[in-house]
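Colleague: So the sequences go chain by chain: W and S.
Numbering follows numbering that gives the first Met the number 0, with no gaps: position 242 of the first sequence is 241.
Numbering follows numbering that gives the first Met the number 0, with no gaps: position 163 of the second sequence is 162.
Here it is: the structure, laid out below.
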Amino acid sequence: MSAILQNCLNGLSIGSIYALIAIGYTMVYGILRLINFAHGDIFMMAGYFMIICMTDCLIPWYISIVLVIAATVLLGVLTEKIAYKPLREAPRMSIMISAIGVSYLLQNLATYLFSALPKAYPSIDFLNKTIKIGNISTSLVTFITPILTVLIVVFLVFLINKTKVGMAMRAVSRDFETSQLMGIKINNVISITFVIGCALAAIGSILYFTPRPSVTPLSGSLPGLKCFVAAVFGGIGSIPGALVGGFLIGVSETFIKAGAYSEFSDAVTFVILIIVLLFKPTGLFGEKTTEKV
Amino acid sequence: MSNKNILEIRNLTVSFGGIEAVKGISMDIPAGEIVTLIGANGAGKSTILRTIAGIVKPQEAEITFEGEPINGLSPDKIVSKGITLVPEGRRIFGNLTVLENLKIGAYLRKDNIEADIEHVYSLFPRLKERSWQMAGTLSGGEQQMLAVGRALMGKPKLIMMDEPSLGLAPLVVKDIFDIIKTVHKEGITVLLNEQNANMALKVADRAYVIETGNIIMSGTGAEIAADDSIKEAYLGKAKH
Ligand SMILES: Nc1ncnc2c1ncn2[C@@H]1O[C@H](COP(=O)(O)OP(=O)(O)OP(=O)(O)O)[C@@H](O)[C@H]1O
Ligand SMILES: [Mg+2]
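Below you can see the structure in the form of structure tokens.
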């Protein structure tokens, strides 16, 4: 019984991290109709930023977290301005290809700067503290991750549905040109979307790498792909969908790892993707028509 | 002349991929009047309005609004000067509620907009009943009302409407034209693109006839409506 609870908690925890990253995919898709293939690599870069801050510069963890979020946001916004903005009028395929290019660029940049060998991720003692709830013992990071994620999702849903900037985001996601006619600066709204997505990727990165030993230039690929699956599963464009998708993938993967088939845990993610695409291509909470008119 | 004309356009040329859609036209929009552009499909009417709104970048133009040059400004700057466009095909935000569509029309305003929302609801009572409905579920006529209401929320000095009666039943078309007259009575200058030349020429103080990117005729609404060639080409009446 307690093993099941333990797995549930672990699953929810990793699932929350997937959800945080999936939100970045889903929000960017919602506004640009772009699958940002570079998002997983932004997540990976956030891992290296933490190493630079804490290991190389010996900055305390609480300041490092702020710096890492800021640097990741800057990287994401720059990527958008350089690689996506000039392609605003181009066919959608061009901007997708540009995103794939950015993905490889970041991986190779990381290899060049930090080498392909794993670099040890600094330990944040505060987050790694062991706590006991009933007869489950776990690290603090595993416990606070789902709570933090749900709070972030509630905040985002409020932001998008109840504030002026959220209204502008919904308008821009529907119709660029008419949004401009309302006086909305669409480039600012798109930047805000990248700021949010990358800040969440940075937070996700800290939560993901803290219980793990190291970062490599390819550390972002598989999590990135899984989070993209989570976004598709929940219905790409939907933030609550990303949360549910992330939870589902995290929990099922954890249970399979705990059982006899641990080597299949990654494959399950993609089986889920195929099943979703076959039976409900728009995902759980997806819009009926994703095509822009 | 510039204190009488709210908008002056000189030598407006617009090309798409080397093909000139608007070929160096000039026109004046006197303050407080209703001016209409009529012309066949593809004549360049929408392109003219979209260029004034800053959505399309002209190859060459001198556009002055209230004596200030506005060509080359971004759409948000142009909106903030008091020019708004009700686009062709309504283009309401279907994923926003009716009320949110009105609020987004006032996006650049910092003052209180409650009174203006009530004003728009008094012009279009049907919108008030549907305030919380998703705008995408409105009928075509209601969507057009919403598109006009949304534009009014920005408190424009000049409102441009691109084919507001397109695809609407005759009774609704009459409603829309009544609204155009009401808007005009409130002191807003109206620049109207209309396929329905009959109705447009009746309300217009002045009309420009556009053919393949050129102005081929201009005059008061009544003068244009009385012209034989116009009658034949645009009003569906045989000569003799
Ligand atoms: N974005 C664009 N790219 C290429 N060509 C365009 C574009 N917009 C307009 N055109 C061309 O410019 C010409 C004028 O188009 P415009 O939409 O202004 O006509 P219109 O007078 O509004 O016609 P209608 O009555 O059918 O709405 C057309 O030949 C059209 O194909
Ligand atoms: Mg047109």
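Ideal Cβ positions, reconstructed from N, Cα and C, are used throughout, including at glycine.
1. Give the interface partners of E162(S) over in chain W, defined as CB-CB distance under 7 Å, in chain order.
2. What residues sit near ligand 1, counting only those whose C-beta is closer than 5 Å to one of its heavy atoms, in chain order?
3. In whole angstroms, give me the CA-to-CA distance for S73(S) and T211(S).
4. Quick check on the DSSP output: the alpha helix (DSSP H) that includes I34(W) runs from which residue to which?
5. Using a Cβ-Cβ cutoff of 7 Å, what residues of the region 173-193 of chain W are near chain S? List them in chain order.
6. Could you name the residues of the same chain whose beta carbon sits closer than 6 Å to that of F190(W), not counting the 5 residues immediately before and after it, in chain order?
7. Contact criterion: CB-CB distance below 8 Å. Does E99(S) meet it with respect to chain W?
8. Our contact map puts L122(S) next to T181(S) with C-beta atoms below 8 Å; I'd like the distance itself, whole angstroms only.
9. With DSSP as the reference, please indicate the residues paired to Y207(S) in a beta bridge.
10. Does any residue of chain S bring its CB to less than 8 Å from the CB of A299(W)?
11. Three-state secondary structure (DSSP) at S122(W)?
12. Could you pull the start and end residues of the alpha helix (DSSP H) that N4(S) belongs to?
13. Can you round the beta-carbon distance between M144(S) and R125(S) to whole angstroms, since I take them to be within the 8 Å contact cut?
14. Under 8 Å, with one C-beta from each stretch per pair, do the region 37-52 of chain W and the region 231-247 of chain W reach the 3-pair mark?
15. Go ahead and pull the three-state DSSP assignment for L272(W).
16. Return the Cβ separation of I20(W) and A200(W) in integer angstroms, given the expectation that the two are a contact with Cβ distance under 8 Å.
17. Ligand 2 heavy atoms versus the CB of N10(S): any closer than 7 Å?
18. If you measure from the CB of E162(S), is any heavy atom of ligand 2 nearer than 7 Å?
19. Grab me the residues of R211(W)'s own chain with a C-beta within less than 8 Å of its C-beta, minus the 5 sequence neighbours each way, in chain order.
20. Examine chain W for any beta-carbon lying closer than 8 Å to the beta-carbon of N94(S), and answer yes or no.
21. Quick test of your reading: Y17(W) and G249(W), contact by CB under 8 Å. State the CB separation rounded to the nearest angstrom.
22. Tell me whether N192(S), by its Cβ, gets closer than 7 Å to a heavy atom of ligand 2.
23. I want to verify the contact list: residues of chain W whose CB lies under 9 Å from the CB of S241(S), in sequence order.
24. For I103(S), decide whether its Cβ has a neighbour in chain W, counting only Cβ atoms nearer than 8 Å.
25. Answer with yes or no whether the minimum CB distance from D75(S) to chain W is below 8 Å.
26. Are the CB atoms of G182(W) and L107(S) within a distance shorter than 8 Å?
27. Starting from P86(S), find everything on chain W with Cβ-Cβ shorter than 8 Å and list it in chain order.
28. Within 8 Å of any Cβ in chain S, is that where the Cβ of I259(W) sits?
29. Could you check whether the Cβ of E87(S) sits closer than 7 Å to any heavy atom belonging to ligand 2?
30. Taking the straight line between their C-alpha atoms, what separation do you get for D174(S) and L151(S)?
31. State the DSSP-derived secondary structure class of V55(S), mapped to helix, strand or coil.
32. Would you kindly work out how many angstroms separate the C-alpha atoms of L224(W) and I235(W), rounded to a whole number?
33. Can you round the beta-carbon distance between P222(W) and A115(W) to whole angstroms, since I take them to be within the 8 Å contact cut?
34. Note down, in chain order, every chain W residue with its Cβ under 9 Å from the Cβ of I54(S).
35. Helix, strand or coil: which one does DSSP assign to G81(S)?
36. For R90(S), go through chain W and note every residue whose CB falls closer than 7 Å to its CB, in chain order.
Modeller: With the structure as the only source:
1. Counting only Cβ-Cβ distances below 7 Å, E162(S) has no contacts in chain W at all, with the closest Cβ about 15 Å away.
2. With the cut-off at 5 Å, the residues found are F15(S), A20(S), N40(S), G41(S), A42(S), G43(S), K44(S), S45(S) and T46(S).
3. Cα to Cα, the separation comes out at about 27 Å.
4. From DSSP, I34(W) is part of no alpha helix (DSSP H); its letter is neither H nor E.
5. Taking a C-beta cut-off of 7 Å against chain S, the contacting residues of the region 173-193 of chain W are R173, D174, E176, T177, Q179, L180, M181, G182, I183 and K184, listed in chain order.
6. Looking at the sequence provided, one finds Ser at residue 190(W) rather than Phe. V76.
7. With 8 Å as the cut-off, E99(S) counts as an interface residue toward chain W.
8. At roughly 6 Å, the Cβ-Cβ gap stays under 8 Å, so L122(S) and T181(S) are in contact.
9. BP columns for Y207(S) point to L36(S) and S217(S).
10. Residue 299(W) cannot be examined here, being either before or after the span of chain W that is shown, 0 to 292.
11. In this structure, S122(W) counts as coil in the three-state DSSP scheme.
12. Per DSSP, N4(S) belongs to no alpha helix (DSSP H); it is in the beta strand (DSSP E), N4 to F15.
13. Confirmed, about 7 Å.
14. Judged by pairs of C-beta atoms under 8 Å, the region 37-52 of chain W does not touch the region 231-247 of chain W, as fewer than three such pairs exist.
15. Note: L272(W) maps to helix in three-state DSSP.
16. Yes, they are in contact, since the Cβ atoms of I20(W) and A200(W) sit about 6 Å apart, within 8 Å.
17. Answer for N10(S): no, Cβ out of range of ligand 2.
18. For E162(S), the Cβ falls inside the 7 Å cut-off from some heavy atom of ligand 2.
19. For R211(W), where only same-chain residues beyond five positions count, the Cβ hits under 8 Å are Y120.
20. Yes, because at least one Cβ of chain W sits closer than 8 Å to the Cβ of N94(S).
21. Approximately 5 Å separates the beta-carbon atoms of Y17(W) and G249(W); this is inside 8 Å, confirming the contact.
22. Under cutoff, so the answer is yes.
23. Residue coverage of chain S in this structure runs from 0 to 239, which leaves residue 241(S) outside it and unanswerable.
24. At least one chain W Cβ lies under 8 Å of I103(S).
25. It does; some Cβ of chain W falls within 8 Å.
26. Yes; because the gap between Cβ atoms is below 8 Å, this pair is in contact.
27. Those are E176, T177 and L180, listed as they occur along chain W.
28. One point to set straight first is that residue 259(W) is Ala, not Ile, in the sequence displayed. Closer than 8 Å: no.
29. It does: the Cβ of E87(S) is within 7 Å (strictly closer) of some heavy atom of ligand 2.
30. Each residue's alpha carbon lies about 16 Å from the other.
31. Residue state, collapsed to three classes: coil.
32. For the pair L224(W) and I235(W), the Cα-to-Cα distance works out to about 14 Å.
33. Their Cβ separation, rounded to whole angstroms, is 18 Å, which puts P222(W) and A115(W) out of contact at 8 Å.
34. Contacts between I54(S) and chain W, judged by CB atoms closer than 9 Å, involve E176, Q179 and L180 in chain order.
35. Coil, per DSSP.
36. The contacting residues are D174 and T177.
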